[in-house]
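Each remark here refers to the structure printed beneath this line.
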Amino acid sequence: MDWKEGHLIKIPKKGDLSKCENYGGIALLSAPGKVFNKVLLNRMRDAVDAQLRDQQSGFRKD
Numbered sequence: 622m623d624w625k626e627g628h629l630i631k632i633p634k635k636g637d638l639s640k641c642e643n644y645g646g647i648a649l650l651s652a653p654g655k656v657f658n659k660v661l662l663n664r665m666r667d668a669v670d671a672q673l674r675d676q677q678s679g680f681r682k683d
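Under this note's numbering, the first residue of the sequence shown is numbered 622, with each subsequent residue one higher.
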């Protein structure tokens, strides 16, 4: 698996498994890809936090 790619694994739910809506999914990512995503997220968070007011704090970490 390439570090930029992930694999989507389908997980069956209850019901008729011949229908797509009866499946959920989970993405499996590579370890280097996860590290890269975390570094990128932290850099983006710092830049975005500098632009947003304190009143715009919903769903953000302290």
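For each residue, glycine too, the CB sits at the ideal point set by N, CA and C.
Next on the checklist: Can you tell me where the alpha helix (DSSP H) holding Leu721 begins and where it ends?
Outcome noted: Summary: the structure shown does not reach residue 721, with the chain confined to residues 622 through 683, and so no result is reported for it.
Item to check | Three-way DSSP call (helix, strand, coil) for Gly654 in this model | outcome: helix
Item to check | Cutoff 6 Å; reference Leu629; Cβ partners in own chain excluding five residues on either side | outcome: Here the set comprises Gly646, Ala648.
Checklist entry - Is any beta-carbon of chain C found at less than 7 Å from that of Asp623? => result No chain C is part of this structure, which consists of one protein chain only.
Checklist entry - So who's on the other strand from Gly645, going by DSSP bridges? => result Ile632
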